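J.: Numbered according to the working numbering, the sequence shown spans residues 99 to 628. Glycine is no exception: its CB is placed at the ideal position from the N, C-alpha and C atoms. The structure displayed is predicted, hence computed values, not measured ones.
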Amino acid sequence: MIFQQLNWWRISLVILIILGIYLRLTNLEEKVYWVEEVKTSLYSAGYTETELSEETPVGKVLDVRFLENYQNLDSETSLWQTTKAITTNEPSPLYYFLTRFSMETLGSEIKITRGLSAVISLGSLPAIYWLSLEVFASTLIAEVSLGLVAISPFHILYSQEATEYSLLTVTIILMSAVFLWAMRRPTPSTWFAYSGTVAVGLYAHPLAGLVSFGHGIYALFSQRWRLNQVILIYILYAGLGLILFMPWLFILIFRENQMADWMLQNLPFPLFLQRWLIHIVGSVYDLQMGYTERLFDIENFQDISLSLTQVWVYLLLAIFILMSYSFYFLYRQGTPAQWWFILTLIGVTGLGLAVPDFVTGGQRSTISRYAIACHIGVELTLAYCLGSYLKFSVKNNRKNLWKIIFVATFTLSLISSLVLHNAATWWNKYSSYYNHEVAEIINQSEQSLVVGDISRIARTLSLSHDLKPQTQFIFFNETTQIKLPENYPDIYVFRPLQSLLDGLKTQDYSVTVRHEKGKLWQVETVNSTE
99 MIFQQLNWWR
109 ISLVILIILG
119 IYLRLTNLEE
129 KVYWVEEVKT
139 SLYSAGYTET
149 ELSEETPVGK
159 VLDVRFLENY
169 QNLDSETSLW
179 QTTKAITTNE
189 PSPLYYFLTR
199 FSMETLGSEI
209 KITRGLSAVI
219 SLGSLPAIYW
229 LSLEVFASTL
239 IAEVSLGLVA
249 ISPFHILYSQ
259 EATEYSLLTV
269 TIILMSAVFL
279 WAMRRPTPST
289 WFAYSGTVAV
299 GLYAHPLAGL
309 VSFGHGIYAL
319 FSQRWRLNQV
329 ILIYILYAGL
339 GLILFMPWLF
349 ILIFRENQMA
359 DWMLQNLPFP
369 LFLQRWLIHI
379 VGSVYDLQMG
389 YTERLFDIEN
399 FQDISLSLTQ
409 VWVYLLLAIF
419 ILMSYSFYFL
429 YRQGTPAQWW
439 FILTLIGVTG
449 LGLAVPDFVT
459 GGQRSTISRY
469 AIACHIGVEL
479 TLAYCLGSYL
489 KFSVKNNRKN
499 LWKIIFVATF
509 TLSLISSLVL
519 HNAATWWNKY
529 SSYYNHEVAE
539 IINQSEQSLV
549 VGDISRIART
559 LSLSHDLKPQ
569 TQFIFFNETT
579 QIKLPENYPD
589 IYVFRPLQSL
599 LDGLKTQDYS
609 VTVRHEKGKL
619 WQVETVNSTE
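1. Would you tell me roughly how many angstroms separate the C-alpha atoms of Gly601 and Leu365, rounded to the nearest one?
2. Provide the residue span of the alpha helix (DSSP H) that contains Arg198, from first to last.
3. I'd like to check one pair, Leu371 with Trp525: are the Cβ atoms closer than 7 Å?
4. Can you pull the DSSP bridge partners for His613?
5. Note down the Cα distance separating Ser626 from Phe574, rounded to an integer number of angstroms.
6. Using CA coordinates, which residue listed in Phe343, Leu325, Ala143, Leu330 is at the minimum distance from Thr211?
7. Determine the contact status of Val621 and Phe592, defining contact as a CB-CB distance below 7 Å.
8. To the nearest whole angstrom, what separates the beta carbons of Ala260 and Ser215, a pair I think is in contact under 8 Å?
9. Beta-carbon within less than 8 Å of Glu628's beta-carbon, same chain only, minus the 5 sequence neighbours each way: which residues are those?
10. Hey, which unbroken runs of the alpha helix (DSSP H) at 4 residues or more fall wholly within the region 322–370?
11. Sort Asp564, Pro594, Arg612, Ile572 by Cα distance to Ile208 and report the nearest one.
12. Per the contact definition of three or more C-beta pairs closer than 8 Å, is the region 327–346 in contact with the region 499–507?
13. What do you get for Phe439, buried or exposed, if any count of 16 or more other CB atoms within 10 angstroms of its CB means buried?
14. Excluding the 5 residues flanking Tyr335 on each side, which residues of the same chain have their C-beta closer than 6 Å to its C-beta?
15. Looking at the unbroken alpha helix (DSSP H) that takes in Val446, where does it start and where does it end?
16. Flag this pair as yes or no: are the beta carbons of Ser190 and His303 separated by less than 7 Å?
17. Would a C-beta distance cut-off of 7 Å place Ser151 and Ile552 closer than the cut-off?
18. What number of angstroms, rounded off, separates the C-alpha of Leu428 from the C-alpha of Ala556?
19. In the DSSP output, what is Val549 paired with across the bridge?
20. Tell me, please, which residues DSSP counts as bridged to Leu160.
21. Classify Tyr426 as buried or exposed, calling it buried when 16 or more other Cβ atoms lie within 10 Å of its own Cβ.
22. What would DSSP say about Tyr429, mapped onto helix, strand or coil?
23. Spatial neighbours of Leu111 within its chain, please: CB distance less than 6 Å, with the 5 preceding and 5 following residues excluded, ordered by chain position.
24. May I have the straight-line CA-CA distance separating Ile331 from Trp437, to the nearest angstrom?
25. Does DSSP put Leu578 in a helix, a strand or coil?
26. Going by DSSP in three states, Thr148 sits in which element: helix, strand or coil?
27. Going by alpha carbons, who is nearest to Lys489 out of Ala469, Leu238, Gln400, Ile115?
28. For the alpha helix (DSSP H) holding Gln386, just list the boundary residues, first then last.
29. Among Tyr194, Val611, Pro587, Phe399, which one has its Cα closest to the Cα of Pro594?
30. Under DSSP, the alpha helix (DSSP H) around Asp600 begins and ends at which residues?
31. Return the residue from the list Glu614, Ile580, Leu499, Asn585 that minimises the CA-CA distance to Val536.
32. For the candidate residues Ala416, Thr569, Ser515, whose alpha-carbon lies nearest to that of Glu538?
33. With DSSP run on the structure shown, which of helix, strand or coil describes Ser608?
34. Quick test of your reading: Ala471 and Ile513, contact by CB under 8 Å. State the CB separation rounded to the nearest angstrom.
35. What is the C-beta distance between Met281 and Gly299, in whole angstroms, given that I count them as a contact (C-beta under 8 Å)?
36. For Thr627, does the three-state DSSP call read helix, strand or coil?
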């Protein structure tokens, strides 16, 4: 009976893996190419936002080809220009060098930049299987972990985004698996491998450093909190990984702090709780599938309102209860080593993000892509619980209940992934969430002009990907006198500063809101008699 049950599961697992690969590698060009992805193209092509702003003519009508030039790699752009752009703006370089290489060899289209992330994300599938084997020493639990990650809406979402977070996911999983391997088989080669994964992880994103620090805490626990040879070896080889990262670390230390203003804004505590709940459950069930409005407003804190009258909220709470029980189950049924590894994997990253939020202010801990290690820890815990009940011989009524829970969990995860796969936008587009709706309004005109603020030109670049090719653009700064051409039947203003709106009004232009959340206004000339 158990054999037949496991055979059924393994056939299902193959189907889940195939679906996971399909969902990662297809439909890459349909979603909004949001502002962070635009920056990936911009930096990889060797340009900075400052250069783009300075080289864009103010007060002159431009076509979309002008904007595209800054997102396409040409033969005259050197590797040094890309390096300079990255050192000025980004916390880690590895993903951007990989993107530049893919642009050199395959082109600069969206399907190429996003395709790189999608291909990289496939590495998370064998990696999570290995990590789960190292943690739980069970092929069944490793298979359940693989199935969960294969169709996880969170992982599929970031596998199709032209940012470094699919690379960070793979490196965190590999770094953790190699660490446990080195602890289990301590040889110079295994520890050198760990040093290499630490270095690669840091070059993928500095947040990998929190994961490595968590490994150190776990190592201390495994040695009963004694500073012995094992701990010294960990310090030596983790330190070697850090030394390999030192050239870039010096750049980060001496570079001017450019943390975005929105990241430092104080968030009401109830919103902290709501976002944490949505994000953690998002490993399995993505709440966005139940709403057309965006879930999170990181600029004005106008997040979606949750109510117990909504069926989607009950699904959210049900998965949260299942995850909470999974932690309890791991604590009671798992070994102390398993519990401590999961605790340090989740806790160090979680506290590393949350403590600065409450001490200095900000909303870092509510940005899901920063908490990848937490998602991985939750998925491993859930896999342990589901896999254990699939394997254990329990009373028939309880076994049937857990079969239902098992199937329901995977079904809900798959449905979430299918819905987001076919969507034009999703919550992870944040400020660019409504770009497709804004573009629909602008595209109703055969000849339209989009007015933008030069300091927010990257956001206009994001919108340009969804506009008709004949759409034209004009940019102004705070010191330029605003004068718009008269031969356009429809003129729009997209995401302006207040000074630009005020400047239009003082020049006898009428400004009407067309899409409030998407920050689109329409401009008309006020008729005057000469």
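T.: In short, the structure shows the following:
1. As a position in the sequence shown, residue 601 is number 503, starting the count at 1. As a position in the sequence shown, residue 365 is number 267, starting the count at 1. Taking the straight line from one Cα to the other gives about 32 Å.
2. As a working mapping, residue 198 is identified with position 100 in the sequence shown. From DSSP, the alpha helix (DSSP H) with Arg198 extends over 192–204.
3. Mapped onto the sequence shown, residue 525 falls at position 427. Mapped onto the sequence shown, residue 371 falls at position 273. No, the Cβ-Cβ distance between Trp525 and Leu371 is not below 7 Å.
4. In the sequence shown, the residue the question calls residue 613 occupies position 515. Answer is Leu618, bridged to His613.
5. For the purposes of this step, residue 626 is taken as the residue at position 528 of the sequence shown. For the purposes of this step, residue 574 is taken as the residue at position 476 of the sequence shown. Only weak support is given to the placement of Ser626: the predicted model assigns it a pLDDT of 43, under 50, and the question is left unresolved by the model.
6. By 1-based counting over the sequence shown, the position of residue 211 is 113. Relative to the Cα of Thr211, the nearest Cα in the group Phe343, Leu325, Ala143, Leu330 belongs to Ala143.
7. As a position in the sequence shown, residue 621 is number 523, starting the count at 1. As a position in the sequence shown, residue 592 is number 494, starting the count at 1. No, these two residues do not count as a Cβ contact at 7 Å.
8. Stepping through the sequence shown from its first residue, residue 260 is reached at position 162. Stepping through the sequence shown from its first residue, residue 215 is reached at position 117. The Cβ separation is near 6 Å, so the contact holds.
9. If you number the sequence shown from 1, residue 628 lands on position 530. Unreliable positioning characterises Glu628 in this predicted model, as indicated by a pLDDT of 39, which lies under 50. A coordinate reading is not provided.
10. 327–352
11. Taking the first residue of the sequence shown as position 1, residue 208 is located at position 110. The shortest Cα separation from Ile208 among Asp564, Pro594, Arg612, Ile572 belongs to Asp564.
12. no
13. For the purposes of this step, residue 439 is identified with residue 341 of the sequence shown, where counting begins at 1. Phe439 is buried by the Cβ-count criterion.
14. Within the sequence shown, the letter at position 237 stands for residue 335. Taken in chain order, the residues that qualify are Trp289, Tyr292, Ser293.
15. Indexing the sequence shown from 1 puts residue 446 at position 348. Segment 434–457, the alpha helix (DSSP H) holding Val446.
16. Taking the sequence shown and counting its residues from 1, the one referred to as residue 190 is at position 92. Taking the sequence shown and counting its residues from 1, the one referred to as residue 303 is at position 205. Yes, the pair counts as a contact, with Cβ atoms nearer than the cut-off.
17. The count along the sequence shown starts at 1 and reaches residue 151 at position 53. The count along the sequence shown starts at 1 and reaches residue 552 at position 454. In this structure, Ile552 lies closer than 7 Å to Ser151 by Cβ.
18. Taking the first residue of the sequence shown as 1, we reach residue 428 at position 330. Taking the first residue of the sequence shown as 1, we reach residue 556 at position 458. Their Cα atoms are separated by approximately 46 Å.
19. Here the question's residue 549 lines up with position 451 in the sequence shown. Its beta-bridge partners are Ile572, Val591.
20. Numbered from its first residue, the sequence shown carries residue 160 at position 62. According to DSSP, which records beta bridges pairwise, Leu160 is partnered with Phe571.
21. Taking the first residue of the sequence shown as 1, we reach residue 426 at position 328. Counting Cβ neighbours within 10 Å, Tyr426 comes out exposed, since fewer than 16 surround it.
22. Within the sequence shown, the letter at position 331 stands for residue 429. Here Tyr429 sits in helix by DSSP.
23. Within the sequence shown, the letter at position 13 stands for residue 111. Around Leu111: Glu241, Gly245.
24. Within the sequence shown, the letter at position 233 stands for residue 331. Within the sequence shown, the letter at position 339 stands for residue 437. Going from the Cα of Ile331 to the Cα of Trp437 covers about 23 Å.
25. In the sequence shown, the residue the question calls residue 578 occupies position 480. The sequence given here has Thr at residue 578, not Leu. In the structure shown, Thr578 sits in coil (DSSP, three-state: anything other than H, G, I, E or B).
26. What you label residue 148 is simply residue 50 of the sequence shown in a count that begins at 1. Three-state DSSP puts Thr148 in a helix.
27. On the sequence shown, position 391 is the one that residue 489 refers to. Comparing Cα positions, the closest option is Leu238.
28. Counting from one through the sequence shown, the residue named residue 386 turns up at place 288. Run containing Gln386: none; DSSP gives neither H nor E here.
29. On the sequence shown, residue 594 is found 496 positions in, with the first residue counted as 1. Of Tyr194, Val611, Pro587, Phe399, the residue nearest in Cα terms is Val611.
30. The residue given as residue 600 occupies position 502 in the sequence shown. Start and end: 596–604.
31. By one-based count along the sequence shown, residue 536 stands at place 438. Out of Glu614, Ile580, Leu499, Asn585, Glu614 has the C-alpha closest to the C-alpha of Val536.
32. The sequence position of residue 538 within the sequence shown is 440, counting from 1. Of Ala416, Thr569, Ser515, the residue nearest in Cα terms is Thr569.
33. In the sequence shown, counting from the first residue as 1, residue 608 sits at position 510. Strand.
34. Reading the sequence shown from its first residue, position 373 is the one you call residue 471. Reading the sequence shown from its first residue, position 415 is the one you call residue 513. About 26 Å separates the two Cβ atoms, so there is no contact after all.
35. In the sequence shown, residue 281 corresponds to position 183, counting from 1. In the sequence shown, residue 299 corresponds to position 201, counting from 1. Wrong, their Cβ atoms sit about 17 Å apart, outside the cutoff.
36. Here the question's residue 627 lines up with position 529 in the sequence shown. At Thr627, the pLDDT of 38 sits below 50, so the modelled position is not reliable and the matter cannot be decided from this model.
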